[in-house]
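Reading through the structure tokens given below for one structure.
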Amino acid sequence: AQTVTQSQPEMSVQEAETVTLSCTYDTSESDYYLFWYKQPPSRQMILVIRQEAYKQQNATENRFSVNFQKAAKSFSLKISDSQLGDAAMYFCAYSGNTPLVFGKGTRLSVIA
Amino acid sequence: ETGVTQTPRHLVMGMTNKKSLKCEQHLGHNAMYWYKQSAKKPLELMFVYNFKEQTENNSVPSRFSPECPNSSHLFLHLHTLQPEDSALYLCASSQVRRRGQETQYFGPGTRLLVL
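So the sequences go chain by chain: R and A.
This note's numbering applies: residue 3 is where the first sequence begins, and numbers increase by one.
This note's numbering applies: residue 153 is where the second sequence begins, and numbers increase by one.
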């Protein structure tokens, strides 16, 4: 079974600085998607970024980018120029032959 | 975001009550999902519907009864719940073309408290 591990329960970053959230996963599949979701205090689960496993190029969405290392099964999220609104729980998720598998999340605090 | 809506947003019910949660997606997707999110636990998938057919039921107690009348609507009927069922219930939808190539979009959730 696929598993997703987020080893950092909590992280903090100064406003305008850069922070990287870690995620590793375990799978024997070759074709899958990886995601980062953000869940702010409002509890809405918001899609931040998606990476297709067959693409070598790392996905980027404005201030959010990933470092996808397929061989190492690593999928980290980098947030540049952090803003107060980035404070939230961040979940890494895997989609393969089973529905989404989520990690336990990383709580990100942004310090003004 | 209004692609996936859920009602009610908050619900308080006694253990003998019967209530229903509603989810509606306006994205033209063909799959819908119910998740349970409890404090300090990973998101738990409860049910999956593909083209209105239930394809996953992750050992959910029978006091939770899903219903999917069409690809845009999903219900979760609740009866004789327990206090440990108190949680955030999230609905999601996706367009399934191939397994492993679907992106789920979530509703705002219903926060349920069982007294």
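C-beta: ideal position from N, C-alpha, C; glycine also.
Since this is a predicted model, take the numbers as computed values, not measurements.
Alpha carbons only, please: which of R/Ala18, R/Arg65, R/Glu12 and R/Leu36 is nearest the one belonging to A/Glu254? R/Leu36
Just the C-alpha distance for R/Ala55 and R/Gly98, rounded to the nearest angstrom, thanks. 10 Å
Flag this pair as touching only if the region 69-77 of chain R and the region 16-30 of chain R have three or more C-beta atom pairs under 8 Å; answer yes or no. yes
I want to know whether the region 37-50 of chain R touches the region 88-108 of chain R - three or more CB-CB distances under 8 Å. yes
Just checking, does the region 96-113 of chain R make contact with the region 194-201 of chain A on the three C-beta pairs under 8 Å criterion? yes
By a C-beta neighbour count over all protein chains shown, 10 Å radius and 16 as the cutoff for buried, is A/Gln234 buried or exposed? exposed
Given a cut-off of 8 Å on the beta-carbon distance, is the pair A/His186 and A/Leu230 in contact? It should be pointed out that residue 186 of chain A corresponds to Trp in this sequence rather than to His. Contact: no.
Smallest Cα separation from A/Thr207: which of A/Ala191, A/Asn182 and A/Lys188? A/Asn182
Interface flag, R/Gln46 vs chain A, CB-CB below 8 Å: yes
Once DSSP output is grouped into helix, strand and coil, what is the label at A/Leu267? coil
Got a sec? Which residues, its chain only, sit under 6 Å from A/Leu267 by beta carbon, not counting five neighbours each side? Gly166
Indicate the three-state DSSP secondary structure (helix, strand or coil) for R/Asp88 in the structure shown. helix
Please decide whether R/Phe104 counts as near chain A, where near means a Cβ-Cβ distance under 8 Å. yes
Whole-Å CB distance - R/Val21 paired with R/Ser84, under 8 Å assumed: 6 Å
Residues bridged to A/His229 by DSSP? A/Ser172 and A/Ser217
Candidates R/Leu49, R/Ala3 and R/Lys106, of which the one nearest R/Asp88 by Cα: R/Leu49
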